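Notes for the one structure printed next.
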Amino acid sequence: MMDNLRAASNHVVLKIILGLIILSFVLTGVGNYLIGGGSDYAAKVNGHEISRAELEQAYNSERNRQQQMLGEQFSQLASNEGYMQQMRQQALSQLIDQTLLDQYIKDLHIGISDDQVKQAIFNQKAFQTNGKFDNGKYNALIGNMGFSADQYAEALRKQLATQQLINAVANTDFMLKDETTKLVDLVSQKRDIRQAVINVNALAAKQTVTDQEIDQYYQQHQNSFMAPEQYRVSYIKMDAASLQETASDTDIQSWYDQHKADYTQPQRNRYSVIQTQTEADAKAVLDALKKGEDFATLAKTKSVDPITARKGGDMGWLEPETTPDELKGANLTQKGQLSGVINSSVGFLVARLDDIQPEQVKPLADVRDAIAEKVKQEKAVDAFYKLQQKVSEAASNDNESLAGAAQASGLKVVETGWISRDAVPAELDFDPVKQAIFNGGLVGQNGAPGNNSDVISVDGDRAFVLRISEHKPEAVKPLDQVKAQIADTLKHDKATQQAKAQADKLLADLKAGKDDALSAAGLTLSASQSVDRNAQDPVAQFAFNLPQPAANKPSWGVSEDMQGNVVLVALDKVSAGTLPQAQVDEMVKGVTQNNAQIAFEALLENLRKAAKIKYGAAEQNQ
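The end of the sequence shown is residue 622 by UniProt numbering, with every number in the run present.
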C-alpha cells in the first residue's frame, strides 16, 4: 500500500520538503533503491562497488543543490568545465568516504534498534502537523519518493548509525581543568597602556612638493587615475502597474467560473486500516470486527504496520489524489463501513471509512475582492505585453532613434547624464539592463551610437528599450584633474615617513632610559587605559604583541592608530581577567568540537590509507 500512496508531487512546498529529505540520504546508500548499475563502475572500495549510476545521482543532486542556492550565478560556474569536474570528483570522494564509514560501522558492530528508527520517524518535522506525527503525511511523502516503509526505515537506520559513529568520535575529546584555566587567562588578559600620538596630518600641512615630484608620481601611477568607460543612455520604460484597469462584474464572474476548482475543497475521507502478513490473519481480524471488537485495539495488537498501529489504524484525512488505489477499490461510501479483505502490495488489509468531509466551494462573494485584483493584474499584463510588441516593432523599424517607439507607445524618451558601471541610476539598476548597456553591443564603430536594444524585461513586470546616445572609452584622467590629489598624497607620505623616523628615534631614547625624550619632542602620554583582546582599536591589538613590562618600567613599541597617526605605546601592566562561566563553557565547546572534527578527519584519512580503492575506467580518464 505504501508504494502506491502518492502525494501531489507538483506542489512547490512538497517539492521543497522532499528535496530536504532526499538530500540527507543521497550519499548514504539510498540511491541503491532508486538506481541500477551501469556498464562500468565508478569505484571499488574494499571490493564494494560504487556504480556509475550512484555517482551520477550524487553529482546531479549536488548540482541541483548549488543551482537552487546560487541562482543566476550558477550558470556562470556551470560553464567552467574545471569547476564541474571538481564537483564530480567531490561527489565521488563523498561516496567513497560514506562507503568506508559504512564498512567501519559494520566492523564495530554499531547497531540501531527498530525503536530508535521509529522514534526518529516520529520526530521528523517533515512528517508532523501542528507538532504531532501525521501518518497520512508520512505515507504520502515516502510514497512520493518511491520508498516502501521498509526501504525508508533501512535508509534511516544507516544514517543513524553514521551519526552514532560521529557522536562517538566527537565525545572523546575534552579539556583538562588546567588547560581550561590557561586558555581563559590568555583570552581574558587585560593590558594597561598609555599613548603618545604624532599627528601625521599636522606634519603633512607643513610639507612641500615640487611639480617634478607630482609629474613623476603621475607617470608612475597612471593606473590609479583612470576615468571609467562612460555612457549617455536614452530609454523608454514600460510598466504593467501603470496599465491596470478596473474589473467589471462580468469579468469577475467569468474568471470565477473558469477557476472554480481553485476555490473548491474536494471531498476528503478518513480511513483506518489493519495490515497483516497473511490473508488468514486478515480474515480473522475481519471476523473479530464483525463480532464487535474495537478497531483501534485490534490495530494496535494485530497490525504489522508500526506507524498506523501506533495510532489505532488511523491514516488521517486523504483527498482523492492521495488515496491509495486499494482503498478506492474498496468502494467504502458510508461512515463506519468495513471493507472485505484487501490484497495489497505490502500484504493484506482490512479498512474502515471513519468520516467524510463533503466537497466545499467558496461562494463568489467571499473571494470577489481577490478575484477583482487578479483580473486587474491579468488585464494589465496582457496590455503590457501588447505594448511591448508595439514598442519592439517600432524600435526595430526606426533603429537610429527612439522617436518612432515613443510615438507608437505614447511614452516619453528619458535620457541620462554620463553614467558608468559604478554609477547607474536607480531606475536602470537591473542586471539585464546593465549588461545591455555595458557589454558594448549597442555602441557603433568608433564609439558612435549603435542600434536600439531589444525589449529588456526585468523583475516586477517592467521592460525597457534603450540606446546609447554617447560613449566615452576608459582613459587616464588629465594631470590637471588629479594634481591636487597627488600633492596631498605626496605630502601625507612624507609626513608619515617623518613621523616614523621621529618615533623610532624616541623609542631608542626611551629604551635607553632618557625619560624626558617625549617632553623634549613636545609630546605627552595619555592617561592609562585598560584594553582587552576584543578591542577593535589597532593600537590596543598591537599592545598584546609587546613583551611584558619589567618592574616599574614600561615596555615600549610603535604602532599606528585608525586615523593613520604614528603612536608610541607604553605597556605598563599585564593582568588576568575573568570570563562568565557561560562564555567559558562555549569556548571549551568550540575547542573540543574543532578537535573532534580534526579527529574525525584523521579517522577518515586512516580508513582511506588502509583501504583498497580502485577507480573505474571512465573515472580514471576524468
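Note that CB positions come from ideal geometry on N, CA and C, so glycine has one too.
From a predicted model like this one, the values you see are computed outputs, not experimental measurements.
If you run the structure through DSSP and keep just helix, strand and coil, what is residue i?
| i | result |
| --- | --- |
| R270 | strand |
| F542 | helix |
| A521 | coil |
| I21 | Annotation note: pLDDT 37 at I21 (below 50); position unreliable, no value reported. |
| Q334 | coil |
| F430 | coil |
| I121 | helix |
| H221 | coil |
| S528 | coil |
| E470 | strand |
| E245 | coil |
| L353 | strand |
| Q230 | strand |
| N595 | helix |
| K573 | strand |
| Q275 | strand |
| F127 | helix |
| K614 | strand |
| T264 | strand |
| N343 | strand |
| E319 | coil |
| S303 | coil |
| M562 | coil |
| Q195 | strand |
| G557 | strand |
| K374 | helix |
| D239 | strand |
| A550 | strand |
| V588 | helix |
If you drop the 5 nearest sequence neighbours on each side, which residues of the same chain put their C-beta closer than 6 Å to that of residue i?
| i | result |
| --- | --- |
| A299 | I274, A309, G312, G313 |
| Y152 | I142 |
| E245 | K379 |
| R608 | none |
Quick check: what's the CA-CA separation for residue i versus residue j?
| i | j | result |
| --- | --- | --- |
| Q481 | Q76 | 39 Å |
| R88 | F430 | 33 Å |
| A280 | P324 | 22 Å |
| A161 | Q124 | 17 Å |
| Q593 | Q164 | 16 Å |
| Q357 | P320 | 12 Å |
| K118 | I96 | 28 Å |
| Q502 | Q563 | 18 Å |
| R462 | S272 | 53 Å |
| residue 623 | L428 | The structure shown has nothing for residue 623, since the chain only spans 1 to 622. |
| L442 | N452 | 7 Å |
| L579 | S188 | 7 Å |
| T524 | S224 | 38 Å |
| D369 | S457 | 29 Å |
| G71 | Q267 | 39 Å |
| D355 | L101 | 48 Å |
| K505 | E605 | 54 Å |
| D305 | N269 | 20 Å |
| Q116 | L183 | 39 Å |
| A394 | A406 | 8 Å |
| D294 | G329 | 24 Å |
| G36 | H48 | Residue confidence is low: G36 scores 39 on pLDDT, short of 50, so the model does not pin down where it sits. Its coordinate-derived value is still stated next. So the two alpha carbons sit approximately 15 Å from each other. |
| A296 | K290 | 14 Å |
| I166 | A602 | 12 Å |
| L411 | G316 | 58 Å |
Taking 7 Å as the limit between beta carbons, can you name the residues of its chain near residue i, skipping five residues before and five after?
| i | result |
| --- | --- |
| A543 | R191, I193, V531, V569, L571 |
| A43 | I50, L92, I96, I613, K614, Y615, G616, E619 |
| F122 | F133 |
| N399 | N451, N452 |
Given residue i, which residues of its chain have a CB within under 8 Å of its CB, disregarding the five upstream and five downstream residues?
| i | result |
| --- | --- |
| Q360 | T264, Q265 |
| F74 | Q66, Q67 |
| D422 | P228 |
Hey, is the stretch 151-160 in contact with the stretch 546-564, meaning 3+ C-beta pairs nearer than 8 Å?
-> Contact fails: fewer than three Cβ-Cβ distances are below 8 Å.
Is the stretch 236-250 touching the stretch 351-367 in the sense that three or more CB pairs, one from each, lie closer than 8 Å?
-> With the rule of 3 Cβ pairs closer than 8 Å, the stretch 351-367 does not count as touching the stretch 236-250.
When the Cβ atoms of the stretch 502-522 are set against those of the stretch 577-596, are three or more pairs found closer than 8 Å?
-> The stretch 502-522 and the stretch 577-596 do not touch, with fewer than 3 CB-CB distances between them shorter than 8 Å.
Can you list, in chain order, the stretches of the alpha helix (DSSP H) that have 4 or more residues and sit fully within the stretch 376-455?
-> With a minimum length of 4 residues, the continuous alpha helix (DSSP H) runs that stay inside the stretch 376-455 are 403-409, 431-438.
Report yes or no: do three or more beta-carbon pairs, one from the stretch 364-381 and one from the stretch 280-298, lie closer than 8 Å?
-> These segments do not touch.
Secondary structure, alpha helix (DSSP H): runs of 4+ residues fully inside the stretch 45-124 | Segments of the alpha helix (DSSP H) lying fully in the stretch 45-124: 52-70, 72-78, 81-108, 114-123.
Assess, as a yes-or-no matter, whether the stretch 487-494 is touched by the stretch 203-221 under the definition of 3 or more beta carbon pairs within less than 8 Å.
-> In short, these stretches touch, since the Cβ pair count reaches three.
Meets three-Cβ-pair contact criterion under 8 Å: the stretch 126-140 and the stretch 284-301 | No, the stretch 126-140 is not in contact with the stretch 284-301.
Within the chosen definition, does the stretch 377-397 reach the stretch 208-220 through at least 3 CB pairs nearer than 8 Å?
-> No, the stretch 377-397 does not touch the stretch 208-220.
The stretch 247-263 in contact with the stretch 403-417 per 3-pair CB rule at 8 Å = When Cβ pairs closer than 8 Å are counted between the two stretches, the stretch 247-263 is seen not to touch the stretch 403-417, the count staying below three.
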